[in-house]
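Each residue of the sequence shown is one higher than the one before, counting from 327 in this note's numbering.
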Amino acid sequence: MATAPAAVPAPELTIWTDAAAVPTVAGILEALGPVIQPLAVAGPRTQPVTDLAQRLDRPREDDLRTLLVQYPAAFLLLGTAAGVSVDHLATAADQNTRVITLEPVADDLPGLAALTQPRPRKSAATATSGAASAYDHVVHVPAFTAAPGYLAAAEPHESLGPRRTISLQSVGQRGQGSLFARLFDAWRTVLTLAPMPLTIDAALTTGHAHLPESLRHATGSLTAHARLPEAGAILIDVADHAGSPHRHLHALGDHGELRITDAGYTLHHTAGQLLDRGNPYTRLPFPELVAHQWRGLLTAADSDGPQASHRASATAQAGHRHDAHALACCLACLLSARTAAPEDPRRLLEIHA
């Protein structure tokens, strides 16, 4: 009689969160279910973080370095970027911990450059096997480009044709990604369909008397209009206090019109006929979007062969440049909101090159 193969244990994760993100973190864990195993919880000494650790019946820490060193795990979930340093992310990379973050880990270009600096990559036997960066282990969630609707669309933008106009709206409730997180994700998304804009003109509506110095402290709603080379345009609308959370992308080219939501999409020819569609009207909860992307990572890890690290290295630099461009656009938005004038994101890149 054949012996049944032993069950593979679920990968472990540790959690670094503040009080505001606790409900979202709890929702993500519930959506993931038994495919992931919490190991420990850390964050500022606030009651909601302590309550989360008690509900999970896991150790409670208040120091991120202690969490990483004493509880090495396959994943680290960041509910907040507060208190997270380059050294912390480097430690995670050294122990091959994948960092799943709800917030951008860099809020300026020098900070991103520090994270993307190549570092010795070590195997389990601590032998150097190439160069990587701490940023290579970071995964921003929930990425619109990893949502079921975007993935199902399967490169329909090739049917759009030239002279594109793109609009993206991303709004959510408090605790479901900061304004900065939604803005960063929006620019990461639209820059897959369009080149860097020439200028960005943005306005930030906030309840505070003065506009923030840092994107980390931005809250409210932000609208940005960007001019593209060759007569194209981008419109971005993000908010962190909406009553009906959703993300919606609309792209119009000479040949086609594309609409994508988190759950589905439609593609029309400009003459009117429907070319393709998939589940366009369903909305997915924020924790489920994170869980969907995370499950994809787990599936990819199971199927990766010995060439996985080589493939990752081959695409890392392109990913670094893409995120640098997206962050420059975010910074140009904040600068434009402060100056009440259009700003050039490419100039920001040149300044910090």
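Quick reminder that beta carbons are idealized off the backbone N, C-alpha and C, glycines included.
Short Cβ contact (8 Å threshold) for residue i with residue j
i: Leu438; j: Ile341; result: no
i: Pro521; j: Ala552; result: no
i: Val395; j: Thr343; result: no
i: His594; j: Glu583; result: yes
i: Ala472; j: Gln619; result: yes
i: Ala399; j: Ala529; result: no
i: Ala379; j: Val361; result: no
i: Asp566; j: Thr549; result: no
i: Pro613; j: Glu356; result: yes
i: Arg490; j: Gly590; result: no
i: Asp588; j: Gly475; result: yes
i: Thr525; j: Thr545; result: no
i: Ser504; j: Glu429; result: yes
i: Leu674; j: Ala654; result: yes
i: Ala617; j: Leu358; result: yes
i: Cys656; j: Leu509; result: yes
Three-way DSSP call (helix, strand, coil) for residue i in this model
i: Tyr317; result: One cannot answer for residue 317 here, as it falls past the ends of the chain, which runs 327 to 679.
i: Ser496; result: strand
i: His414; result: helix
i: Arg542; result: helix
i: Arg489; result: coil
i: Thr608; result: coil
i: Asp383; result: coil
i: Glu481; result: coil
i: Gln373; result: helix
i: Leu402; result: strand
i: Pro474; result: helix
i: Val431; result: coil
i: Pro555; result: helix
i: Gly437; result: helix
i: His678; result: coil
i: Ile341; result: strand
i: Val467; result: coil
i: Gln363; result: strand
i: Ala336; result: coil
i: Thr531; result: strand
i: Ser662; result: helix
i: Asp602; result: strand
i: Ala642; result: helix
i: Gln633; result: The predicted position of Gln633 is uncertain, since its pLDDT is 46 and thus under 50; no value can be drawn from it.
i: Gly622; result: helix
i: Gly353; result: helix
i: Leu584; result: strand
i: Pro446; result: strand
i: Thr452; result: Any answer about Thr452 is weak, because its pLDDT of 40 lies below 50 and its placement is not dependable; what the coordinates show is given next. Residue state, collapsed to three classes: coil.
For residue j and residue i, believed in contact at Cβ under 8 Å, the rounded distance
i: Leu365; j: Arg384; result: 7 Å
i: Arg445; j: Ala419; result: 7 Å
i: His483; j: Ala416; result: The Cβ separation is near 36 Å, so there is no contact.
i: Leu541; j: Leu660; result: 6 Å
i: Val412; j: Ala440; result: 5 Å
i: Arg371; j: Phe401; result: Between Phe401 and Arg371 the Cβ distance is about 24 Å, and since that is not below 8 Å, they are no contact.
Straight-line Cα distance separating residue j from residue i
i: Gly598; j: Gly353; result: 41 Å
i: Ala568; j: Gly487; result: 33 Å
i: Ala507; j: Thr442; result: 19 Å
i: Ala666; j: Leu393; result: 43 Å
i: Asp388; j: Arg381; result: 17 Å
i: Thr592; j: Gly579; result: 14 Å
i: Asp511; j: Asp377; result: 30 Å
i: His636; j: Pro349; result: Residue confidence for His636 is low, a pLDDT of 45 falling below 50, so the modelled location carries little weight; the figure read from the coordinates is stated next. Approximately 37 Å, taken between the alpha carbons.
i: His678; j: His651; result: 12 Å
i: Arg391; j: His581; result: 52 Å
i: Val465; j: Ala347; result: 17 Å
i: Ala480; j: His648; result: 20 Å
i: Gln499; j: Arg603; result: 28 Å
i: Val351; j: Val431; result: 17 Å
i: Pro274; j: Trp513; result: Examination of residue 274 is not possible in this model, given that the chain is present from 327 through 679 alone.
i: Arg672; j: Ala336; result: 44 Å
i: Thr608; j: Ser459; result: 38 Å
i: Ala658; j: Glu669; result: 6 Å
i: Gln421; j: Gly622; result: 21 Å
i: Thr454; j: Glu338; result: The predicted model places Thr454 with a pLDDT of 42, which falls under 50 and marks its position as unreliable, so this point remains unresolved.
i: Ile560; j: Leu554; result: 7 Å
i: Thr515; j: Pro468; result: 12 Å
i: Gly645; j: Tyr461; result: 10 Å
i: His463; j: Thr427; result: 11 Å
i: Leu586; j: Thr596; result: The displayed chain sequence assigns Ile, not Leu, to residue 586. Whole-angstrom Cα-Cα distance: 16 Å.
i: Leu624; j: Leu477; result: 16 Å
i: His470; j: Val334; result: Reading the sequence as shown, one finds Phe at residue 470 and not His. Near 30 Å, if we compare the C-alpha coordinates of Val334 and Phe470.
beta-carbon residue i near the ligand FMN non-hydrogen atom, thresh 7 Å
i: Pro337; result: As far as ligands go, the structure on display features none, and thus does not contain the ligand FMN.
Closer than 8 Å to chain B by CB, residue i
i: Asp588; result: Absent here is chain B; the protein component of the structure consists of one chain.
TODO: Determine, using beta-carbon pairs with one atom in the region 533 to 546 and one in the region 476 to 496, whether at least three such pairs fall under 8 Å.
DONE: no
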